[in-house]
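A.B. asks: Convert by adding 7 to the 1-based position in the sequence shown; the result is the number in the working numbering. No residue lacks a Cβ here, since even glycine has one placed at the ideal position from N, Cα and C. Since we're looking at a predicted model, the values are computed, not measured.
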Amino acid sequence: MRAAVLHEYGVPSFGEFEEPEAGSGQAVIDVLAAGLNPVDVAISAGLFYAGKPPLPSVSGREGVGMLDGARVYFDAPIVPFGSMAERALIDPLSTYPVPDAVADGVAVALGISGLAAWLALTWRAELKEGEHVLVLGASGVLGQIAVQAAKLLGAGRVVAAARSQEGLERCLALGADAAVQLGGDDLAAAMSEAAGARIDVVVDPLFGEPLVAALGAASFGARIVQLGAGAGAEVLIPSALIRGKMLVLMGHTNFAAPPQVKREAYRRLSEAAAAGDVVVATDPIGLEQVAEAWERLTAGSHSKIVLVP
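What follows is the structure, given as structure tokens:
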């Protein structure tokens, strides 16, 4: 079958790979679209904290496909048969149904990116109605979904922070109440002013200096959910920023969420997308252009990149 094959750690190449065969408790799914995420880049590079993939193997952690006549979302395909191929090997019990009104690419975007955004706000931060939310890296797919999810969940004010002015304008169109461009002077003050001097929850896929600024702007007892390292893997954080305001700094990974929590989150997100309450731009690319897809992601994209077999 046609696939994005990882022969050495780095960027997979388009080629042929053996067909998957289902064993006990497994199923072969016909892939319609496969998502490309920062975690795929880390895994393929052999840098993911959970370990290196086998060589050779098919890249990809998530996708949408046809299984027994139904369209479903799947993640965690069974190695070495990843999602970036015409077919993948999965556990059929771990799939989520996709509403008819949700396009393939959007259904993929609601998976790894969407679940991270939604679960950061609900399962981890336990967002309460009326609270103020700051979303770092808001111009990315995860950030855009976090902005919309926060409004759906009843946040009183949502502030989008990102480097891209174009991305910030999109966030405002998606419902953000205010926007802050990263990289300016006295970033903490700008964040606080945009949030009305109140920040209860921070969604942070960036780490680095933007996180330090957010800690400085956060209110007493604020919860900060750390999701990634888009702005750097290391940073110096003054201890007074955390202990003086009794801040709660917590990590999040979708892998740790209980299956039923993830399933319910995907249901809520997909229903919101079907109703037009969550909007995600997609960038479909042919599977044979996998190297170009990698370049687009690493260069920074405001749309969900999906590989189409």
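For a test of the three-state rule: what should DSSP assign to Asp211, helix, strand or coil?
C.D. replies: Here Asp211 sits in strand by DSSP.
A.B. asks: Return the first residue and the last residue of the beta strand (DSSP E) that Pro291 is part of.
C.D. replies: Where Pro291 is concerned, the enclosing beta strand (DSSP E) stretches over Thr289 to Gly293.
A.B. asks: Helix, strand or coil: which one does DSSP assign to Ser146?
C.D. replies: Ser146: coil per DSSP, three-state reduction.
A.B. asks: Quick one: what's got a C-beta closer than 7 Å to Gly190's C-beta in the same chain, skipping five residues either side?
C.D. replies: Closer than 7 Å at Cβ, skipping near neighbours: Arg170.
A.B. asks: Which residues mark the beginning and the end of the beta strand (DSSP E) in which Glu69 is found?
C.D. replies: Here the beta strand (DSSP E) through Glu69 covers Glu69 to Leu74.
A.B. asks: Looking only at DSSP bridge pairs, what is Arg164 linked to?
C.D. replies: Arg164 pairs with His139.
A.B. asks: Quick check on this structure: which residue in Ile312, Gly144 and Ala196 has the alpha carbon closest to the alpha carbon of Ala238?
C.D. replies: Closest option to Ala238, Cα to Cα, is Gly144.
A.B. asks: Quick check on the burial criterion: 16 or more other C-beta atoms within 10 angstroms. Buried or exposed for Ala240?
C.D. replies: Result: exposed.
A.B. asks: Specify, as a first and last residue, the run of the beta strand (DSSP E) that Gln233 falls within.
C.D. replies: Run containing Gln233: Arg230 to Gln233, per the beta strand (DSSP E) assignment.
A.B. asks: Using 8 Å for Cβ pairs, my map puts His139 next to Ala202. What's the rounded Cβ distance?
C.D. replies: Contact flag correct, Cβ pair sits at about 5 Å.
A.B. asks: Taking the beta carbon of Phe214 as the centre, do at least 16 other beta carbons fall within 10 Å, making it buried, or is it exposed?
C.D. replies: It is buried - the Cβ of Phe214 has at least 16 other Cβ atoms within 10 Å.
A.B. asks: To the nearest angstrom, report how far apart Asp92 and Leu194 are at their CA atoms.
C.D. replies: The amino acid occupying residue 92 in the given sequence is Ala; Asp does not appear at that position. Whole-angstrom Cα-Cα distance: 43 Å.
A.B. asks: What's the C-alpha gap between Gly161 and Ala10?
C.D. replies: Near 42 Å, if we compare the C-alpha coordinates of Ala10 and Gly161.
A.B. asks: Counting beta carbon pairs with one atom in the region 149 to 157 and one in the region 176 to 188, are three or more of them shorter than 8 Å?
C.D. replies: They touch, by the three-pair rule.
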